[in-house]
Amino acid sequence: MAWTYPISWTKGALITVADLNTYLRDNMKDIYTVIAVQTETLLKNNSAAFSDLVGMSFSVLSGEVWSFHAWSYWNSGTTPDAKWTVTAPAASTGRFGLAGGGIPLTAGNETTFGNSIAITSSGSSNQLVNLAAYITAGANGTIQLQAAQNTATAADSNWYLNSFIIAHRVSA
Amino acid sequence: MAWPWTTPITWAASVYGAADFNAQIRDNQNFLRRISVRQIEDAVISASTTFENLKGLRFYGLAGEVWAFVGTIFWVSNATADAKWTLQAPKGSTGIFGMGHSLPITDSWSTTFGTAIAGGSTTTVEDSFSISGLVTFGRRGEAYLQASQNTASGTTTFYDYSYLAAWRIPS
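Chain order of the listed sequences is Z and V.
Quick note on numbering that gives the first Met the number 0: the first sequence kicks off at 0 and runs consecutively.
Quick note on numbering that gives the first Met the number 0: the second sequence kicks off at 0 and runs consecutively.
Given below as structure tokens:
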């Protein structure tokens with residue numbers, strides 16, 4: 000599965016099965032992109048347990064390589080910090096990271112899927128972080144974004160619907 | 000209109016019908032469609048907080064279509080003027096849009112199109128915003144970016160070659 004520059008089709012030329020597989024099948028697979036949208040707002044109050052950002056996920060097959068960028072819109076009030084993670088099928092390898100909001104991070108990337116990356120709240124305002132990852136799937140399954148309060152705090156933290164992922168399959 | 004993704008088949012010496020080509024070519028190409036546009040000229044704002052269009056940074060949608068976009072705005076301002084931007088969308092549109100910056104932002108996203116999102120400039124240095132959003136079009140029309148100074152002072156420039164990419168999310 001690789002990109003081959005499309006040929007110019009010419010009148011009278013024989014279109015072969017190999018042409019269709021190269022210029023349709025393989026090129027379509029090469030540019031395949033998944034956009035996954037968060038379909039409901041996640042509310043956390045006094046909880047540091049990760050929950051799925053519902054909809055912020057996509058399916059992978061063992062051995063596939065994927066990269067993604069995600070934009071997570073959140074609001075954690077004045078006190079609670081927040082954390083995110085990316086879960087992946089067993090034996091998956093790669094790295095994921097987070098940047099955003101102009102807030103310095105203690106650690107901004109991870110190679111262990113399921114570990115957290117935390118950020119302090121800049122205040123009682125709407126905030127935005129950008130997550131990214133490059134993953135080789137170790138098994139068939141799902142790449143899933145999760146979030147929670149970093150320290151359980153009796154105040155509302157929200158991760159809003161319409162946050163989204165744009166994921167590209169690098170190779171199959 | 001729905002354009003489902005169908006895993007591309009391996010073509011063989013066989014007879015294919017219109018349904019095959021509609022699924023394998025029409026629907027899959029519609030599924031993968033995205034647009035990429037750039038700002039075609041500098042927007043120079045002098046002592047004004049009135050929004051101006053960032054020419055070229057727009058995308059068109061039909062009623063009910065859902066589009067996601069990401070991009071970067073290149074700009075330079077001063078510590079008094081700072082800068083702000085917004086996304087305009089056709090009446091009845093819903094969704095979200097936001098901005099990332101190297102400095103904290105008081106309110107970095109909004110669900111109300113036309114709301115200003117402001118970013119600070121500590122000195123007169125070349126700067127950039129990362130932008131993103133998701134729009135469900137309320138009627139057919141254009142979603143487009145605007146920017147201005149947050150406080151009227153001096154000159155602020157939003158540069159050409161700022162850009163965005165937008166994907167129509169299949170229904």
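Quick reminder that beta carbons are idealized off the backbone N, C-alpha and C, glycines included.
Just so it is clear, the structure is predicted and the values come from calculations on it, not from any experiment.
C-alpha distance - residue i paired with residue j, whole-angstrom precision
i, j, result
"L147(Z)", "Q126(Z)", "It is worth fixing the name first, because residue 147(Z) is Ala in this sequence and not Leu. Looking at the two C-alpha atoms, the distance is approximately 15 Å."
"A131(Z)", "V124(V)", "27 Å"
"T85(V)", "G113(V)", "5 Å"
"T152(Z)", "G122(Z)", "14 Å"
"S92(V)", "V69(V)", "18 Å"
"N21(V)", "F49(Z)", "42 Å"
"W74(V)", "T111(V)", "24 Å"
"A11(V)", "N29(V)", "24 Å"
"A18(V)", "P3(V)", "13 Å"
Within chain Z, partners of residue i - CB distance below 7 Å
i, result
"W2(V)", "None at all; the shortest Cβ gap to chain Z is about 13 Å."
"Y12(V)", "Before going on, a small fix: residue 12(V) reads as Ala here, not Tyr. Per Cβ cutoff of 7 Å: V16."
"P7(V)", "L23, R24, M27, K28"
Whether residue i touches residue j by CB criterion (9 Å)
i, j, result
"Y158(V)", "S35(V)", "no"
"W65(Z)", "I30(Z)", "no"
"Y72(Z)", "S156(Z)", "no"
"T48(V)", "Q145(V)", "no"
"A81(Z)", "G140(Z)", "no"
"A82(V)", "S129(V)", "no"
"A80(V)", "A151(V)", "yes"
"S124(Z)", "T84(Z)", "no"
"R167(V)", "R32(V)", "yes"
"G97(V)", "S131(V)", "yes"
"A142(V)", "P89(V)", "yes"
"A166(Z)", "I142(Z)", "yes"
"G101(Z)", "S101(V)", "yes"
Beta carbon proximity, residue i to chain Z, threshold 9 Å
i, result
"N27(V)", "yes"
"G16(V)", "no"
"F33(V)", "The amino acid at residue 33(V) is misidentified as Phe; the sequence shows Arg. Interface residue, yes."
"I72(V)", "no"
"E84(V)", "Looking at the sequence provided, one finds Trp at residue 84(V) rather than Glu. Not closer than 9 Å to any Cβ of chain Z, the Cβ of W84(V) fails to qualify, so no."
"G99(V)", "yes"
Contact list for residue i against chain Z, beta-carbon separation under 8 Å
i, result
"D106(V)", "S124, N125"
The ligand HEM heavy atom lying under 8 Å from the CB of residue i
i, result
"T32(Z)", "Of the ligands one can find in the structure shown there are none, so the ligand HEM has no counterpart to examine."
Residue i: contacting residues in chain V (beta-carbon distance under 9 Å)
i, result
"S121(Z)", "P103, I104, T105, S107"
Element boundaries [beta strand (DSSP E), containing residue i]
i, result
"L53(V)", "51–60"
Under 7 Å by beta carbon: chain V residues contacting residue i
i, result
"N20(Z)", "T9, W10"
Any chain V beta carbon closer than 9 Å to residue i
i, result
"W70(Z)", "yes"
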